[in-house]
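> Quick one: structure below, then a few questions.
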Amino acid sequence: MFPYSSGMLHMGHVRVYTISDTIARFYRMKGYNVLHPIGWDAFGLPAENAAIEKQINPIEWTYDNIKNMRNQLKLLNYSFDWDREITTCDPEYYKFTQELFLKLFEKDLVYRKESFVNWDPIDETVLAEEQVDANNCSWRSGAKIEKRLLNQWFIRTTSFAKSLFEGLSDPKLIDWRDIKTIQENWIGKCDGISFELQLIGNILNYPKTINVWTNYPEFIEYAKFVAISPHSLLNRPEYCTDVTEGIKIMNVKVLNPFNGNELPIFVTDKVTFPNSRDTYIGIPFASMDDFEFSKIVGIEFQQHSIECKKSDILSKAQKWKIGGYPVSSRLQDWLISRQRYWGTPIPIIHCSNCGIQPVPYNELPVLLPSITFSNKKIILHEAKDWLNTSCPKCGIQAIRESDTMDTFVDSSWYYLRYIDSKNMKEMFAVDKVREIFPVNLYVGGKEHAVLHLYYARFISHFLHSEGLLPSQEPFQRLLVQGMVLGKTYQVKNTEKYLKADEVEENKGEYVEKNTKEQVTVSWEKMSKSKHNGIDPIKFIDKYGIDTTRLFILADQAPISDKYCNDNTMPGILNWQNRLWKVVKTFTNYRNGVSLNNFKVKPTDPKFINDDAYMFDSRNYFLKIVTFNIIKTQQLSIAISRMQGLTNRVSMECIQKSREFERALAVQIIMLAPFAPHFASELWSLFSAAKYHLINEDEIKLDKDVLDQKWPEIDMNYKMKLLVKINNILHKTIKIPKCEIEKLSLETALNLIENDPLVQKHLKNCKILESKLLVKEVCDPEILILTKKYAKIVTA
């Protein structure tokens with residue numbers, strides 16, 4: 010996931026990009042063509058607010074930040090494809106964000122309507138429902154949200170709700186874990202239909218339409234009333250008349266477009282509102298509760314046979330642009346209007362003759378106007394010269410749209426731009442996308458599991474429906490990394506946050522140095538206000554790039570939170586020192602021995618045993634490390650296993666052992682994706698040895714370690730065949746890898762069924778199922794032979 014251009018890297022950045030860089034380097038060594046891109050999420054409120062505070066243009070602030078962060082990333086020497094770098098506030102990028110908007114507009118997936126929206130009084134802009142937390146506060150500023158009636162732009166994401174929900178069952182999605190559940194809960198089961206119905210009547214500052222949801226869409230033409238909650242913003246008591254206790258009727262009505270009838274609107278809590286809704290449409294023919302409510306309020310209707318017209322109803326609703334798509338009751342369309350300057354301009358022109366008109370494609374991008382920033386909010390309404398334009402349809406004077414887009418629109422498609430970032434004619438070339446899409450691995454924080462992933466998935470589903478993408482889902486596999494936590498000190502009584510140097514330890518307890526008040530210690534997300542942040546550049550200056558990389562990857566799995574302290578550093582530094590000593594000793598010996606002495610092959614049985622031990626160690630740890638990178642993505646375990654190989658490298662057989670040399674080469678090569686600079690130094694030392702026994706087809710001594718191929722397990726290395734009967738391990742057979750790869754079920758069964766112990770166990774059983782299961786596990790076993798048996802029950 011690309012970073013926001015805040016100006017400074019934090020340890021979370023170091024973690025996510027060290028993870029992605031390690032995996033990218035690994036797959037390059039495996040022979041893959043790897044795209045490891047970087048870019049900048051550069052529009053948004055923080056840049057504009059900083060510009061107002063500093064009285065500079067946000068573009069200046071943004072590009073200075075990008076320059077600083079780019080230098081920091083290059084200092085870390087991540088293997089990014091810098092030639093594909095993108096920036097969302099660059100007109101060459103947002104030209105295509107505007108083009109995407111127009112594509113949606115042409116398909117009736119963008120619309121403008123007046124509705125009550127979430128207003129952030131601090132950032133002075135509208136927020137989507139998704140950007141308001143459970144306490145009705147802004148996700149960014151923390152301010153209590155106000156409701157305002159405004160004309161806003163929406164993207165009809167609900168039209169793809171069913172596709173987005175069902176797409177989560179795609180078996181190609183790997184390691185989505187609880188992210189699938191989060192997305193499913195957000196979208197909701199698409200068991201009903203929403204309709205946007207017109208209001209009849211005149212109430213000041215009131216919406217012109219009302220949105221209702223029903224799980225009986227086929228009977229909507231038989232609807233008899235609409236109810237709204239007393240707590241709804243739609244409730245206007247001054248326009249209501251009492252009907253009976255707890256029920257009022259409004260002096261406006263709702264038009265049912267499917268039969269032309271006008272439906273009364275009741276304000277009541279005596280109906281059960283759908284989840285997350287404060288409106289309800291009553292269909293007494295389909296619901297006994299609605300039947301009873303109709304009797305209470307005096308609605309008369311005749312019983313008659315009901316014809317199911319669901320497909321016809323949905324087709325009409327979609328044609329009339331009033332809904333008609335399967336959706337849950339909780340999901341709303343995506344509100345993208347923002348009343349701020351620093352964002353992608355919405356490419357729409359308002360004409361008094363022609364109404365809403367899209368900007369022609371050949372006039373994109375609609376550039377932001379140059380504005381002098383002072384210490385007050387800037388909106389595009391004030392850029393009069395920019396606002397005034399001509400209608401693309403009739404040519405008379407017209408006005409540009411002054412809202413900009415939610416920044417989530419920019420990030421909803423950026424992963425596609427990387428594929429073809431230099432293409433100035435179109436978002437991307439379809440043939441290039443077909444070669445590489447979808448993203449094989451997407452690395453980022455769990456905090457983006459709802460908003461960003463939902464919007465990105467929607468855009469991918471839409472572009473797939475247009476024939477522009479080869480698959481619906483944009484991200485095949487996820488690696489959702491945990492947060493980096495810092496040690497936090499708080500005064501127990503006041504909860505005031507303290508700096509580390511303001512605290513002292515006394516007999517296992519922490520107190521504030523000056524007041525001696527008791528202090529609580531915890532681990533929390535790093536924050537300036539909590540004084541628990543660590544500047545990654547200072548960290549790197551102290552320990553170096555690769556030690557920092559190993560530190561951020563070790564101990565905790567990528568998906569777990571990372572406790573950021575120096576406690577694990579001694580172990581990492583000790584391991585690096587031991588590795589350096591082993592390689593140095595190896596090179597010194599090989600450079601000090603004479604050729605004649607080197608050619609003499611040792612015959613000591615201990616040497617032969619040590620050589621075999623090195624052979625097993627090389628293959629054992631190579632298998633586990635590879636497995637933990639490819640299958641489990643447990644990079645911390647991979648590091649632990651590499652440390653295990655270092656412990657196995659026996660100095661006693663260093664002199665003339667080919668298997669020692671092969672194990673040492675594998676040790677350095679496996680380390681390379683994790684610590685590329687240190688591994689390169691080790692390889693330089695290793696390859697400088699005068700005499701080598703390793704084959705040239707395994708390694709290239711004249712090339713750097715990062716140019717080596719990832720090693721393979723030896724074909725004569727004996728793997729384990731596990732024999733399980735009714736899920737209980739019964740026997741283990743060792744078989745060379747070359748034989749296991751071509752082992753058939755029949756051969757495998759023959760290997761075990763003649764065993765006396767197996768025959769004895771199966772004496773009173775019959776076979777229910779035989780299956781040869783190839784399964785990667787965390788130890789050397791790669792094959793499990795499973796047979797299911799059941800005891801014969803006799804009379």
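Here the sequence shown stands for residues 10 to 804, numbered as in the numbering used here. C-beta: ideal position from N, C-alpha, C; glycine also. Here the structure is a predicted model, which means the values were calculated and not measured.
In the DSSP output, which residue or residues are listed as bridge partners for Ile95?
Here residue 95 is taken as the residue at index 86 of the sequence shown, counted from 1. Looking at the DSSP assignment, Ile95 forms a beta bridge with Gly48.
> Could you name the residues of the same chain whose beta carbon sits closer than 7 Å to that of Tyr463, not counting the 5 residues immediately before and after it, in chain order?
Counting from one through the sequence shown, the residue named residue 463 turns up at place 454. Excluding sequence neighbours, Tyr463 sits near Gln192 and Trp195.
> Would you kindly work out how many angstroms separate the C-alpha atoms of Ile633 and Tyr350, rounded to a whole number?
Position 624 of the sequence shown holds residue 633. Position 341 of the sequence shown holds residue 350. Going by the C-alpha atoms only, they are around 53 Å apart.
> Given that a residue counts as buried once 16 or more other Cβ atoms are within 10 Å of its Cβ, and exposed if not, what is His470?
Mapped onto the sequence shown, residue 470 falls at position 461. With 16 or more Cβ atoms within 10 Å of its Cβ, His470 is classed as buried.
> Smallest Cα separation from Asn759: which of Lys746, Glu750, Cys747 and Ile742?
Taking the sequence shown and counting its residues from 1, one reaches residue 759 at position 750. It is Ile742 whose Cα lies nearest to the Cα of Asn759.
> Among all the DSSP beta bridges, which residues are the ones paired with Lys153?
Within the sequence shown, residue 153 is the residue found at index 144, counting from 1. Answer is Cys146.
> Cβ atoms of Pro374 and Gln107: under 9 Å apart, would you say?
The residue you call residue 107 lines up with position 98 of the sequence shown. The residue you call residue 374 lines up with position 365 of the sequence shown. Cβ distance < 9 Å, so Gln107 and Pro374 count as in contact.
> Could you compute how far the alpha carbon of Lys610 sits from the alpha carbon of Met623?
As a working mapping, residue 610 is identified with position 601 in the sequence shown. As a working mapping, residue 623 is identified with position 614 in the sequence shown. When rounded, the distance between both Cα atoms is 16 Å.
> Is it true that the region 274–281 meets the region 250–258, where meeting means three or more beta-carbon pairs spaced less than 8 Å apart?
Counting Cβ pairs under 8 Å, three or more are found: they touch.
> Report the partner residues of His22 according to the DSSP bridge assignment.
Taking the sequence shown and counting its residues from 1, one reaches residue 22 at position 13. Answer is none; His22 lacks a bridge partner.
> Please classify His240: is it buried, with 16 or more other beta-carbons within 10 angstroms of its beta-carbon, or exposed?
Taking the first residue of the sequence shown as 1, we reach residue 240 at position 231. Burial call: exposed.
> With DSSP collapsed to three states, give me the class of His701.
Against the sequence shown, residue 701 aligns to sequence position 692. Here His701 sits in coil by DSSP.
> Anyone know if the C-beta pair for Val489 and Lys534 falls short of 9 Å?
To locate residue 489, count along the sequence shown from 1; it is residue 480. To locate residue 534, count along the sequence shown from 1; it is residue 525. Result no, Cβ atoms of Val489 and Lys534 do not sit closer than 9 Å.
> Just the Cα atoms here: how many angstroms apart are Met20 and Pro567?
Numbered from 1 along the sequence shown, position 11 holds the residue referred to as residue 20. Numbered from 1 along the sequence shown, position 558 holds the residue referred to as residue 567. One C-alpha to the other measures close to 13 Å.
> Alpha helix (DSSP H) containing Gly653: first to last residue?
By 1-based counting over the sequence shown, the position of residue 653 is 644. Unbroken alpha helix (DSSP H) run through Gly653: Leu644 to Arg657.
> Since Ser124 and Leu136 should fall inside the 8 Å C-beta cutoff, what is the C-beta to C-beta distance between them, to a whole number of angstroms?
Walking along the sequence shown from the start, residue 124 turns up at place 115. Walking along the sequence shown from the start, residue 136 turns up at place 127. Contact doesn't hold; Cβ gap of about 13 Å is too wide.
> If you measure from the beta carbon of Val306 to each beta carbon in chain B, is any gap under 9 Å?
Included in the structure is just one protein chain, with no chain B present.
> Provide the residue(s) that pair with Thr250 in DSSP beta bridges, ordered along the chain.
For the purposes of this step, residue 250 is taken as residue 241 along the sequence shown, with counting starting at 1. DSSP output for Thr250 lists Ile258 as bridge partner(s).
> On the three-state DSSP scale, how would you describe Thr641?
For the purposes of this step, residue 641 is identified with residue 632 of the sequence shown, where counting begins at 1. Of the three classes helix, strand and coil, the one that applies to Thr641 here is coil, per DSSP.
> Find the nearest neighbour of Ile183 within the set Lys665, Ile639 and Phe695, judged by alpha-carbon distance.
Looking up residue 183 in the sequence shown gives position 174. Nearest option by C-alpha distance: Ile639.
> With a threshold of 8 Å, are at least 3 pairs of Cβ atoms found where one atom belongs to the region 546–559 and the other to the region 522–538?
No contact exists between the region 546–559 and the region 522–538.
> In chain order, what residues of the same chain lie with their CB nearer than 7 Å to the CB of Leu702, ignoring the 5 residues before and after it?
Locating residue 702 in the sequence shown gives position 693, counting from the first residue. Excluding residues within five positions, the ones whose Cβ falls inside 7 Å are Arg667 and Glu670.
> For Gln348, which three-state DSSP category applies?
Translated into positions along the sequence shown, residue 348 becomes position 339. Here Gln348 sits in coil by DSSP.
> Leaving out five residues before and five after Lys257 in sequence, what residues of the same chain have Cβ atoms less than 6 Å from its Cβ?
Residue 257 sits at position 248 when you count from the first residue of the sequence shown. If we look at Lys257 and ignore the five residues flanking it on each side, its Cβ neighbours are Cys249, Asp251 and Val276.
> Can you tell me whether Val783 is buried or exposed, with buried defined as 16 or more other CB within 10 angstroms of its CB?
Mapped onto the sequence shown, residue 783 falls at position 774. Summary for Val783: the model assigns pLDDT 41, below 50, so the residue's position carries little reliability, and this model does not support an answer.
> Given a cut-off of 9 Å on the beta-carbon distance, is the pair Gln652 and Met38 in contact?
For the purposes of this step, residue 652 is taken as the residue at position 643 of the sequence shown. For the purposes of this step, residue 38 is taken as the residue at position 29 of the sequence shown. No, they are not a contact pair.
> When you compare the CB positions of Ile28 and Val452, do they come within less than 9 Å of one another, or not?
Position 19 of the sequence shown, counted from the first residue, corresponds to residue 28. Position 443 of the sequence shown, counted from the first residue, corresponds to residue 452. Cβ atoms of Ile28 and Val452: closer than 9 Å.
> Relative to the C-alpha of Pro180, which residue among Pro545, Arg486, Glu511 and Phe294 is closest?
Locating residue 180 in the sequence shown gives position 171, counting from the first residue. Out of Pro545, Arg486, Glu511 and Phe294, Arg486 has the C-alpha closest to the C-alpha of Pro180.
> Since Asn265 contacts Ala232 with CB under 8 Å, what's their CB separation in whole angstroms?
Translated into the one-based positions of the sequence shown, residue 265 becomes position 256. Translated into the one-based positions of the sequence shown, residue 232 becomes position 223. Indeed, because the Cβ distance is near 6 Å, the residues count as touching under 8 Å.
> Suppose contacts are defined by Cβ-Cβ distances below 9 Å. Is Phe163 in contact with Trp343 by that definition?
To locate residue 163, count along the sequence shown from 1; it is residue 154. To locate residue 343, count along the sequence shown from 1; it is residue 334. Yes, the pair counts as a contact, with Cβ atoms nearer than the cut-off.
> Measure the Cβ-Cβ separation of Ile749 and Asn628 and say whether it is below 9 Å.
Residue mapping note: residue 749 aligns to position 740 of the sequence shown, counting from 1. Residue mapping note: residue 628 aligns to position 619 of the sequence shown, counting from 1. Against a cut-off of 9 Å, the Cβ pair of Asn628 and Ile749 comes out as no contact.
> Suppose only complete runs of 4+ residues qualify. What are the alpha helix (DSSP H) ranges in the region 529–616, listed by chain order?
Fully enclosed alpha helix (DSSP H) runs of 4 or longer: 545–552, 554–562, 578–601 and 604–608.
> Going by beta carbon distance, what residues of the same chain come within less than 7 Å of Phe169, once the five residues before and after it are set aside?
Locating residue 169 in the sequence shown gives position 160, counting from the first residue. Excluding residues within five positions, the ones whose Cβ falls inside 7 Å are Phe467, His470 and Phe471.
> Which complete beta strand (DSSP E) runs does the region 143–226 hold, if anything under 3 residues is left out?
Segments of the beta strand (DSSP E) lying fully in the region 143–226: 155–164, 201–209 and 218–223.
> Is the beta carbon of Thr134 less than 9 Å from the beta carbon of Ser14?
The count along the sequence shown starts at 1 and reaches residue 134 at position 125. The count along the sequence shown starts at 1 and reaches residue 14 at position 5. Cβ atoms of Thr134 and Ser14: not closer than 9 Å.
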